[in-house]
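One structure below.
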């Protein structure tokens with residue numbers, strides 16, 4: 001049973017618009033959430049994270065929102081740029097679990113000029 | 114070199130072969146990980162090493178045998194694999210294996226094909 005789900009395998013957005021990537025989780029013990037970005041032929045790179053004590057974390061064009069009651073998080077990218085085209089993975093873990101992450105399946109974002 | 118380096122980038126092996134994947138990190142981290150990404154599936158944790166000691170084996174079959182001689186190097190020894198073991202094998206490192214704010218740094222992976 002998948003504990004972290006990204007139900008949209010792909011998303012296409014126009015350059016300059018907002019990209020919203022969604023992620024749901026089932027395990028209420030998760031208390032730290034991360035987003036990773038992956039280009040073809042490269043490993044995933046860390047993008048942004050959020051602790052369960054917060055509901056929003058912002059870093060430049062990237063904002064992650066956490067709704068604990070709905071067990072849902074989302075990544076907003078605004079404005080979207082063609083270089084943002086990649087696969088985005090949502091991941092979750094319990095406190096003090098270091099790098100032992102549970103990943104979603106990924107959403108492939110395509111930003112069109 | 115910087116970051117996490119994996120070799121080889123691509124590997125094709127028969128079911129009776131024995132091969133090894135290598136990972137090296139230059140970040141001064143103490144924890145290293147093997148993850149596996151099969152087609153259309155999420156990344157799955159296989160093994161965790163912290164200060165050279167294995168701290169997690171995520172029910173991985175014995176045909177996969179990890180080795181961590183020091184905090185900078187990690188190997189995955191492969192023998193008598195099955196075609197369904199074909200996948201992208203990713204090595205990662207982090208400062209430690211129990212810190213909250215300890216993001217993983219991944220290598221570029223080894224694309225393994227078992228024929």
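Residue numbers (the numbering used here), protein chains in the order written: chain Y, 1 to 113; chain L, 114 to 228.
Backbone N, C-alpha and C define an ideal beta-carbon position, used for all residues, glycine too.
These numbers were taken from a predicted model, which means no experiment stands behind them.
Checking 8 Å against the spacing of the C-beta atoms, do residue 187(L) and residue 179(L) come in under that value?
Here residue 187(L) refers to the residue found at position 74 of the second chain. Here residue 179(L) refers to the residue found at position 66 of the second chain. Contact: yes.
Which class does residue 40(Y) belong to by DSSP, given the choice of helix, strand or coil?
Within the first chain, residue 40(Y) is the residue found at index 40, counting from 1. Of the three classes helix, strand and coil, the one that applies to residue 40(Y) here is coil, per DSSP.
Counting contacts by CB-CB distance shorter than 8 Å, is residue 42(Y) in contact with chain L?
Position 42 of the first chain, counted from the first residue, corresponds to residue 42(Y). With 8 Å as the cut-off, residue 42(Y) counts as an interface residue toward chain L.
Within 8 Å (strictly less), CB to CB, does residue 135(L) reach chain Y?
Stepping through the second chain from its first residue, residue 135(L) is reached at position 22. It does not: the Cβ of residue 135(L) has no partner Cβ on chain Y nearer than 8 Å.
Taking 7 Å as the limit between beta carbons, can you name the residues of its chain near residue 106(Y), skipping five residues before and five after?
Here residue 106(Y) corresponds to residue number 106 of the first chain, with the count starting at 1. Closer than 7 Å at Cβ, skipping near neighbours: 6, 87, 88, 89.
I want to verify the contact list: residues of chain L whose CB lies under 7 Å from the CB of residue 117(Y), in sequence order.
Shown here, chain Y extends from 1 to 113; a query on residue 117(Y) therefore has no answer.
So if I threshold CB-CB distances at 9 Å, which residues from the segment 24 to 54 of chain Y count as touching chain L?
So the list reads 31, 32, 34, 36, 38, 41, 42, 43, 44, 45, 46, 49, 51, given in the order they occur along the chain.
Could you check whether the Cβ of residue 179(L) sits closer than 8 Å to any Cβ belonging to chain Y?
Taking the second chain and counting its residues from 1, one reaches residue 179(L) at position 66. Taking Cβ atoms only, chain Y never reaches closer than 8 Å to residue 179(L), which makes this a no.
Going by the beta-carbon positions, is the gap between residue 45(Y) and residue 54(Y) smaller than 8 Å?
Here residue 45(Y) refers to the residue found at position 45 of the first chain. Here residue 54(Y) refers to the residue found at position 54 of the first chain. Taking 8 Å as the Cβ cut-off, residue 45(Y) and residue 54(Y) do not qualify as a contacting pair.
At a Cβ cut of 9 Å, what residues of the segment 101 to 113 of chain Y count as close to chain L, listed as they run along the chain?
Per Cβ criterion, the list reads 101, 102, 103, 104, 105, 106.
Would you check if the segment 134 to 145 of chain L and the segment 194 to 205 of chain L touch, i.e. whether three or more CB-CB distances between them fall below 8 Å?
Yes, the segment 194 to 205 of chain L is in contact with the segment 134 to 145 of chain L.
Quick one: does residue 156(L) have its CB under 8 Å from some CB of chain Y?
Sequence index remark: in the second chain, residue 156(L) carries index 43 (1-based). With 8 Å as the cut-off, residue 156(L) counts as an interface residue toward chain Y.
Using DSSP with H/G/I as helix, E/B as strand and the rest coil, what is residue 174(L)?
As a working note, residue 174(L) is residue 61 in the second chain. Coil at residue 174(L), not helix or strand.
Strictly below 8 Å CB to CB, what residues from chain L border residue 89(Y)?
Numbered from its first residue, the first chain carries residue 89(Y) at position 89. Here the neighbours are 155, 156.
List the residues that DSSP assigns as beta-bridge partners of residue 188(L).
If you number the second chain from 1, residue 188(L) lands on position 75. Bridge partners of residue 188(L): 135(L), 180(L).
Would you mind working out which of 15(Y), 69(Y), 71(Y) sits nearest residue 81(Y), comparing C-alpha positions?
Residue numbering aside, residue 81(Y) sits at position 81 when the first chain is read from its first letter. The shortest Cα separation from residue 81(Y) among 15(Y), 69(Y), 71(Y) belongs to 15(Y).
Assuming residue 12(Y) and residue 112(Y) are in contact, meaning their beta carbons sit under 8 Å apart, how far apart are those beta carbons, in whole angstroms?
Sequence index remark: in the first chain, residue 12(Y) carries index 12 (1-based). Sequence index remark: in the first chain, residue 112(Y) carries index 112 (1-based). With a Cβ gap of about 7 Å, residue 12(Y) and residue 112(Y) count as contacting.
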